Amino acid sequence: AQKITQTQPGMFVQEKEAVTLDCTYDTSDQSYGLFWYKQPSSGEMIFLIYQGSYDEQNATEGRYSLNFQKARKSANLVISASQLGDSAMYFCAMREGYTGKLIFGQGTTLQVKP
Amino acid sequence: NAGVTQTPKFRILKIGQSMTLQCTQDMNHNYMYWYRQDPGMGLKLIYYSVGAGITDKGEVPNGYNVSRSTTEDFPLRLELAAPSQTSVYFCASSRPIWTTGAFFGQGTRLTVV
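Line by line, the protein sequences are chains A and B. Counting from 1 along the first sequence, just add 771 to a position and that's the residue number in this note's numbering. Counting from 1 along the second sequence, just add 5 to a position and that's the residue number in this note's numbering.
This is the structure in structure tokens:
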């Protein structure tokens with residue numbers, strides 16, 4: 772069955788440092804997509820980055836990069852040069868290619884310290 | 006371009022009442038989703054749809070119903086509301102091309118008392 776696991780309920784990082792948020796997944800599909808979303812305290816869901824299961828290169832979007840290790844079924848988010856505005860909840864998500872079903876992990880709360 | 010619009014934004018229901026949460030998107034997206042988010046928790050998939058006339062259960066469908074008669078609309082029906090359904094409900098939509106992710110509505114905060 773399709774499953775997403777985020778094992779870090781909360782993380783702290785010093786401003787300007789890099790931080791890695793962990794995500795592992797499980798699916799029997801060969802075709803799937805992995806996503807990261809940010810949810811600030813205001814509650815909206817902000818799309819950050821996407822990685823396809825057939826993509827050979829790790830995805831990058833500005834200060835965000837996705838460390839995709841397919842054999843280990845992990846899709847960790849790396850945020851470089853953390854900013855105070857990065858403090859938020861972060862969700863990893865997976866979409867199955869066959870069904871289109873999109874499910875989310877439990878989330879990681881990131882707090883950036885000045 | 007409005008994106009995904011959810012109504013209402015807030016609602017208080019009494020136990021046993023019913024209501025429909027509305028979701029409309031104007032991006033001609035095939036895929037639509039309903040999630041619930043309990044405080045401090047992740048999003049749980051309630052129902053989803055891959056196109057008009059097609060719906061399927063997600064992770065937590067009990068107590069809810071959906072319909073998808075048009076591409077634009079994906080209403081979520083709560084029958085016989087219970088306190089356990091107190092949550093924030095998000096509707097989302099996406100294209101078959103995934104690279105831009107799913108677009109989310111602003112959410113509906115529902116309290117059942």
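C-beta: ideal position from N, C-alpha, C; glycine also. Treat the numbers as computed from the prediction; the structure is a model and nothing was measured.
With burial defined as no fewer than 16 other Cβ atoms inside 10 Å of the residue's Cβ, what is the status of residue i: buried or exposed?
i, result
"Ile17/B", "exposed"
"Tyr803/A", "buried"
"Phe79/B", "buried"
"Ile20/B", "exposed"
"Tyr825/A", "exposed"
"Thr798/A", "buried"
"Ser99/B", "buried"
"Lys872/A", "buried"
"Ile59/B", "exposed"
"Ser853/A", "buried"
"Gly878/A", "buried"
"Ile51/B", "buried"
"Gln840/A", "exposed"
"Arg866/A", "buried"
Tell me which residue opens and which closes the beta strand (DSSP E) that residue i is part of.
i, result
"Arg16/B", "Phe15 to Leu18"
"Ala846/A", "Ser845 to Ile850"
"Met860/A", "Ala859 to Glu867"
"Phe95/B", "Ser92 to Ser99"
"Leu115/B", "Thr113 to Val117"
"Tyr825/A", "Neither: Tyr825/A is in no beta strand (DSSP E) and is coded neither H nor E."
"Asn35/B", "Looking at the DSSP string, Asn35/B is not in any beta strand (DSSP E), and its letter there is neither H nor E."
"Met782/A", "Gly781 to Gln785"
"Asn70/B", "Tyr69 to Val71"
"Asp797/A", "Thr795 to Asp797"
"Lys49/B", "Leu48 to Gly56"
"Asp773/A", "In the sequence as displayed, the identity of residue 773/A is Gln instead of Asp. It is not in any beta strand (DSSP E) - Gln773/A carries neither H nor E in the DSSP assignment."
On the premise that residue j lies in contact with residue i, defined as a C-beta separation below 8 Å, what is that separation, rounded to the nearest angstrom?
i, j, result
"Gln111/B", "Lys49/B", "Actually they are not in contact, since the Cβ atoms of Gln111/B and Lys49/B sit about 18 Å apart, beyond 8 Å."
"Phe108/B", "Met32/B", "7 Å"
"Ala57/B", "Arg73/B", "5 Å"
"Gly876/A", "Ile775/A", "4 Å"
"Asn847/A", "Asp793/A", "5 Å"
"Asn829/A", "Leu837/A", "6 Å"
Count the C-beta pairs between the region 802-817 of chain A and the region 13-33 of chain B that are closer than 8 Å, then say yes if the count reaches three, no if not.
no
Residues of the region 27-53 of chain B with a CB closer than 7 Å to any CB of chain A: list them in chain order, please.
So the close ones are Tyr36, Tyr38, Met46, Gly47, Leu48, Leu50 and Tyr53.
Would you check if there are 3 or more beta carbon pairs closer than 8 Å linking the region 33-40 of chain B to the region 64-77 of chain B?
In the pairwise beta carbon analysis, the region 33-40 of chain B is classified as touching the region 64-77 of chain B: at least three pairs are separated by under 8 Å.
So, does the region 844-864 of chain A touch the region 781-792 of chain A, judging by three or more C-beta pairs under 8 Å?
yes
Does the region 81-93 of chain B touch the region 788-795 of chain A, meaning 3 or more C-beta pairs lie closer than 8 Å?
Contact fails: fewer than three Cβ-Cβ distances are below 8 Å.
At a CB distance below 9 Å, what residues from the region 74-106 of chain B approach chain A? Give them in sequence order.
So the close ones are Val93, Phe95, Ala97, Ser99, Pro101, Trp103, Thr104, Thr105 and Gly106.
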